[in-house]
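If you read the protein sequences in the order shown, they are chains A, B and C. Mapping to the working numbering: the first sequence position 82 is 141, numbers consecutive. Mapping to the working numbering: the second sequence position 285 is 1539, numbers consecutive. Mapping to the working numbering: the third sequence position 243 is 240, numbers consecutive. The C-beta atom is built at its ideal place from N, Cα and C for all residues, glycine as well. Here the structure is laid out as structure tokens; the discussion comes afterwards.
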Amino acid sequence: MTDMTLTVNGREHVVTVEDRTLLVHLLRDQLRLTGAHVGCDTSQCGACTVHVDGKAVKSCTMLAVQAQGCEILTIEGLAQGRELHPMQAAFHEHHGLQCGFCTPGMIMMALDIARRHPSPDAATVRAELEGNLCRCTGYHNIVKAVVAGAQRMGEPA
Amino acid sequence: MTAMTAPMGKFGQSVKRVEDSRLITGNGRYVDDLVLPGQTHAAFVRSAYAHARIGAIDVSAAAAMPGVVKILTGQDLVDGGLFALPSGWGLTSIDGTPARVGVHHALAVDTVRFVGEPVALVIAETRGQARDAADSVFVEYEELPAVVDMVAALGPDAPQLHPDIPENRAFTWDIGNAEEADAAFARATRRVSIELRNNRLVPNAMEPRAINAEWRAYDGSMTIHLTHQNPIGMRVLFMMLLGLESENHLRVVSPDVGGGFGSKAPAYAEELAVAFAARAVGRPVKWTAERTESFLTDAHGRDHVTRAELAMDDHGRFLGLKVHTLANLGGYISTSNALVVSYMYATMLCGQYAIPAVHAVVEGVYTNTCPVDAYRGAGRPEAAYVIERLAHLAAREIGVDQAEIRRRNFVRAFPHQTPLVYCYDSGDYEGCLDAALRLADYQGFEQRRAEARARGKLRGIGLSAYVEACGIGPSKLLASLGGGGNMWESCEIRVQPAGSVEVLTGAHNHGQGHQTVYAQIISERFGIPMDRITVVQGDTDRIQAGTGTYGSRASVGLSAAVKSCEKIIEKGRQIVGYMLGIDPGAVDFADGIYTSAATNQTVAFTEMVHAAHAATQFPTDQLEPGLVATSFFDPPNFTYPAGVHVCEVEIDPETGVTEVVAFNAADDFGNVANPLIVEGQVHGGLTQGIAQALWENAVYDPDSAQLMTASYMDYGMPRADSLPEFGLAFWPSPTPVNPLGMKGCGEAGAIGSPPAVINAVCDALGIAHVDMPASPEKIWRLCQERQEAL
Amino acid sequence: MYELAYSRPASLADALALLAEDEGAQAISGGQTLMPVLRARLAMPSRLVDLLKLPELAGIRAVDGGIEIGAATTHADVAASGEVRAVLPALADLAGGIGDPAIRHRGTIGGSIANNDPAACYPSALLALGASITTSQRILAAEDFFTGMFSTALEPGEIVTAVRFPACQRARYIKFRNPASRFALVGAFAAQLPSGTRIAITGGGHGVFRWREAEAHLDSGGTIDAITEDMLDLAHFTGDLHGSAEYRHHIAAVIVRRALTALA
């Protein structure tokens, strides 16, 4: 067991974890932030995507202890009450989700895409979503949502 | 920053979904999110062998490990009175005997029949401890020969899976008329035939299966949180299998469910074992499948081997059809599979065509593989694939265009009684074809083909005209065919004193957007904003009656909602009659306002609601206070959505890689309640169908019967970068079968697209057939042969 | 995942000491390959020694005639590096195509080459470009480093600290993706170095190798179009569910031609 400190959605947490605990399980089971989901065992589905120090990573593919001292942003840290983040709003506007299970990971990856490609075209978004699987939408509306969301993020508020 | 707003609903409008807010903020509540006081965790010991006799099971080492609460074996479950899993459909063979159902224990008792079959269950304080201990349960196996191939399984040398089921044959069932079909073939001057395989698929809902079961010893009752498409159906079934006293002793809750596609409709061994375990340990037990477990044990889809022959005259008019299908059941018959491979499959073999004489035989075969059950389309994709591949070959044989051969054979008058039980209620097949061809710029294709050739690519175009059957019902018909459950849906509408509405439905939303569409329809009928309407689902403590969601049956539940709306409005009319002192028959209702033409007075819907609850303005001995209505809708017929899909592919002959460069679909879903949502359903279905045609394939090693494709490393899931942007159009012929004229849209995409893709590939290569998935190597080899032939 | 202990040493010396004192200890860098292996319970290290934050393994530096990349540099950082793109654009492209964006944010060049997955991308670049690998003990030529499938010249407890590449504007990597895993079913790295043409192929199944016959063919004035799989030993290839040896063999020749054509 290891004692560790990390910041999640702006709030500092001091936790004790088994060394083998995955970051996603720390978030879900101990911090009870259940927005990040576990959809596979092979680091391919992206349902667990969160940001670690500003970059999208698969939280099932790192140990919680590796996040010692890190800033974590999860899906729960985006909206302010009823006020949605523009990327969340874009997923809603464009019907970029159905069952919702892949959605938190998709949105966290979408934010990372927008960070690196401020005004991405559809082909860029499709390529960048290679590591996020969705079984419901056929990606069609997710791609539209990410393009629109990134666009909106670039506009003055 | 944007807040979401709830508008007034209107049927036919692309209203944004009301359920999104929790899902896009990380506040969805899926089963694995739930932690109960005293929570324990389960892990399964699974067979590494496809077929083996189970010897001694040594749990002593595991039982001594940290955190272990209990270990259960198959024998423990039998000794505890747990019943085996049933087949939910009674099929009768040609010789009049009932289907032979192999006994399926929740945990294998003496024999395992597929890799991954659960043998024992460890309950421990943490997930990790349960897994650790499961690895330390030692099971003695006497390995037996295994069989994967259906032809081999039927053969004389095959190992027999179930002691009382010779030849591994569960049933040989037929439909149609063999003599008429023979006569048609005798008359025919032209024929085409095909042998094809409909590849086995793994459904892969992104949320893995999960259960959290809680036993209350003090009154012998249980609550199960279960990710499932039909919690109400599961309550009855689990109550019986567990031997609970009554329905009231079991509550099943299916909260947010992360996709189903049919794979969350069966009753599963693992869930039943976990429910049993919760009672055995007296503490809540949770199990969530790891993805590998999902691959090994979620009911797979498809897996047919079919021989089919189509008889024609010289003009390409279809005269007769003969089909013989081997349907792989897996090691056991899963809940609905006997229905899926018979009445959901063979009944649809005529497709959109008026074929007078048809005979189809389906043999259900046990093999040492994961059980098969409904997967998006459930039988209908397999049928559409057979007839649409034949239609493609027919065009080649007669020497006419792909569209023309279909035009010559379309059903043109409705209702149309097929020779295969079903009666198509409505449609405009040729109009839909033309809409699809316009959308796809069919005329311009040869130019695109030439342009691709100049780039070294082989471009092909493929059509598929599918029809399917949705909104299964009526109950009586299904029962007569062997069905084991009701097919109606219920809807209760409760109007609260301050004017908000609670809608209780037995249908279950797991991505389809029910919350929105119910609210949309009720908002429009009552003239109140959508955000006043809450849809309650998935909890048997709140909803007593229903059928769940599968088979694109939203129209059934919504029709029940419409009936309840009508009852509420009608009661309102009576209340308003008292309020205004006029005959209720003279009260009109529109746009949320009751009006009296005679007196020019108006009463808003919300005023009527207050009055209904206040109960001061009408005699309560003649009219009951309150405002609640419950309705049941048993559909008088199936609905028959249909459409035409047009796929264009480009093949790189040097590598064999096939790219879908355009995909256009014109669909008749009847009236469309919410185009935004319906388009989303089509996108998803098309993607699953395209993926079946090109990438997805569940492969068992022929010798060891190990699943070779047990993770996303080896199973080819569709990804964002492998798909085109889709072109969609609606060509509605509203159905008379339900009050909304809706036909259903959830599965259509996955039904029409596989043959469209394969027809396009065959067109590009100028070949008769290639089995799915059209993998790069397969296509490269065909290109090589083509090169040699030139 | 089995129980294990985790250490994050502050220095390379501490990391080496941790690995030396515990035979069951294993180094972890980005962990993007190792973590799924651990989750599947296919490995049982007693301790993970985290190299990701070691200062000795960090950074991208211009060096005489080329560039040196610290072993703990992520694929994303290589892909986004202006220094790398300036002297070796093909390497930046290769790094930008490994896995997916989230994988690239953690996976590292050192981890990739130390693991030497037969379907990994990086080894082909190192071999084709004649990169040298600096370890905690020595400097190895890529030729000597990769010794077969999942096998390298690294001794137990030896850690890759950096990889040094020569500058090369005329290089190209083409990955033919496995449609399921998206790893290289076959990948080919082609480079025009002052010493001649170099071609390395990954994904064959036995580990990365150079296609010397094609190199010699080109260096003796042969045309790209004349390069076919007939010049390539089929024994370099194995088959599986996703492609037979024969198919991979063929695809290798196709993508090599395409990479070379792009260079020409």
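Whole-angstrom C-beta distance between residue j and residue i, which should lie under 8 Å
i	j	result
residue 98(A)	residue 98(C)	So it is not a contact: roughly 17 Å between Cβ atoms.
residue 2037(B)	residue 1910(B)	6 Å
residue 1885(B)	residue 1681(B)	Actually they do not touch by this definition, with Cβ atoms about 28 Å apart.
residue 1470(B)	residue 1522(B)	Wrong, their Cβ atoms sit about 23 Å apart, outside the cutoff.
residue 1371(B)	residue 1301(B)	5 Å
residue 69(A)	residue 136(A)	7 Å
residue 1996(B)	residue 1923(B)	7 Å
residue 1573(B)	residue 1610(B)	7 Å
residue 1643(B)	residue 1305(B)	Incorrect: roughly 33 Å between the Cβ atoms, too far for contact.
residue 1846(B)	residue 1858(B)	6 Å
residue 1678(B)	residue 1668(B)	6 Å
Continuous beta strand (DSSP E) stretch holding residue i: start and end
i	result
residue 132(C)	129 to 132
residue 1295(B)	1294 to 1300
residue 1848(B)	1847 to 1850
residue 1582(B)	1572 to 1584
residue 188(C)	181 to 190
residue 23(C)	22 to 25
residue 177(A)	It is not in any beta strand (DSSP E) - residue 177(A) carries neither H nor E in the DSSP assignment.
residue 142(A)	Neither: residue 142(A) is in no beta strand (DSSP E) and is coded neither H nor E.
residue 1901(B)	1896 to 1906
Contact set for residue i: own chain, Cβ-Cβ below 8 Å, skip 5 residues either direction
i	result
residue 72(A)	64, 65, 66 and 90
residue 1255(B)	With a pLDDT of only 39 at residue 1255(B), under 50, the local geometry of the prediction cannot be trusted, and the value read off the model is given with reservation. Within the same chain, residue 1255(B) has no close Cβ partners at all.
residue 129(C)	136, 137, 138, 139, 160 and 161
Cβ neighbours of residue i in the same chain (closer than 7 Å, five flanking residues each side left out)
i	result
residue 1590(B)	1342, 1343, 1519, 1520, 1627 and 1628
residue 114(C)	30 and 147
residue 246(C)	226, 229, 231 and 234
residue 1777(B)	1262, 1263, 1783, 1784 and 1787
residue 111(A)	126, 129 and 131
N- and C-terminal bounds of the alpha helix (DSSP H) containing residue i
i	result
residue 1734(B)	1729 to 1735
residue 1863(B)	1859 to 1868
residue 106(C)	106 to 112
residue 1591(B)	1591 to 1594
residue 1517(B)	Unbroken run through residue 1517(B): none, as it is neither H nor E.
CB contact below 9 Å: residue i versus chain E
i	result
residue 2030(B)	Within the model displayed, chain E is absent; protein chains A, B and C are what it includes.
Check: residue i C-beta below 8 Å from any heavy atom of the ligand GDP
i	result
residue 2025(B)	Of ligands this structure carries none, so the ligand GDP is not represented either.
Same chain, Cβ closer than 6 Å to residue i, five either side skipped, listed in chain order
i	result
residue 1257(B)	Here residue 1257(B) scores only 45 on pLDDT, less than 50, and its place in the model is too uncertain to base an answer on.
residue 121(C)	184, 186, 197, 199 and 205
residue 259(C)	169
Evaluate the contact criterion for the region 92 to 108 of chain C versus the region 69 to 80 of chain C: three or more CB pairs, one atom per stretch, below 8 Å.
Taking a cut-off of 8 Å on C-beta distances, the region 92 to 108 of chain C touches the region 69 to 80 of chain C, as three or more cross pairs fall below it.
Evaluate the contact criterion for the region 197 to 205 of chain A versus the region 157 to 173 of chain A: three or more CB pairs, one atom per stretch, below 8 Å.
yes
I want to know whether the region 1915 to 1926 of chain B touches the region 1959 to 1969 of chain B - three or more CB-CB distances under 8 Å.
Judged by pairs of C-beta atoms under 8 Å, the region 1915 to 1926 of chain B does not touch the region 1959 to 1969 of chain B, as fewer than three such pairs exist.
Count the CB pairs spanning the region 1529 to 1543 of chain B and the region 1392 to 1407 of chain B that are closer than 8 Å, and state whether there are at least three.
With the cut-off at 8 Å, the region 1529 to 1543 of chain B and the region 1392 to 1407 of chain B do not touch.
Does the region 1418 to 1437 of chain B come within contact of the region 1605 to 1623 of chain B, defined as at least 3 CB pairs closer than 8 Å?
yes
Under 9 Å, CB to CB, which of the residues in the region 1963 to 1988 of chain B have a partner in chain C?
1963, 1965, 1966, 1967, 1968, 1969, 1970, 1971, 1973 and 1976
In the region 1757 to 1776 of chain B, which residues sit with their C-beta less than 8 Å from some C-beta in chain A, listed in chain order?
Going along the region 1757 to 1776 of chain B in chain order, one finds 1764, 1765, 1766 and 1767 with a Cβ nearer than 8 Å to chain A.
Using a Cβ-Cβ cutoff of 7 Å, what residues of the region 153 to 164 of chain A are near chain B? List them in chain order.
Residues of the region 153 to 164 of chain A that bring their beta carbon within less than 7 Å of a beta carbon in chain B comprise 154, 156, 157, 158, 159, 160, 161, 162 and 163, in sequence order.
What residues in the region 89 to 100 of chain C bring their beta carbon closer than 8 Å to a beta carbon of chain A?
Within the region 89 to 100 of chain C, the qualifying residues are 96, 97, 98, 99 and 100.
Taking three-plus beta-carbon pairs below 8 Å as touching, is the region 1590 to 1607 of chain B in contact with the region 1482 to 1497 of chain B?
They do not touch, by the three-pair rule.
Evaluate the contact criterion for the region 1349 to 1361 of chain B versus the region 1409 to 1429 of chain B: three or more CB pairs, one atom per stretch, below 8 Å.
With the cut-off at 8 Å, the region 1349 to 1361 of chain B and the region 1409 to 1429 of chain B touch.
Can you pull out the residues from the region 121 to 138 of chain A whose beta carbon lies closer than 9 Å to at least one beta carbon of chain C?
When CB distances to chain C are screened at a threshold of 9 Å, the residues of the region 121 to 138 of chain A falling below it are 121, 122, 124, 125 and 127, in chain order.
Given a limit of 9 Å on CB to CB distance, which residues of the region 157 to 189 of chain C reach chain B?
173, 175, 176, 177, 178, 179, 180 and 182
If you measure beta-carbon to beta-carbon, which residues of the region 19 to 48 of chain C are closer than 7 Å to chain A?
28, 29, 32, 33, 36, 37 and 47
Note down, in chain order, all residues in the region 182 to 201 of chain A with a beta-carbon under 9 Å from any beta-carbon belonging to chain B.
182, 184, 185, 186, 187, 188, 189, 190, 191, 192, 193, 194, 195, 196, 197, 198, 199, 200 and 201
Name, going along the chain, the residues of the region 228 to 242 of chain C whose beta-carbon falls closer than 7 Å to a beta-carbon of chain B.
Answer in chain order: 238, 240 and 241.
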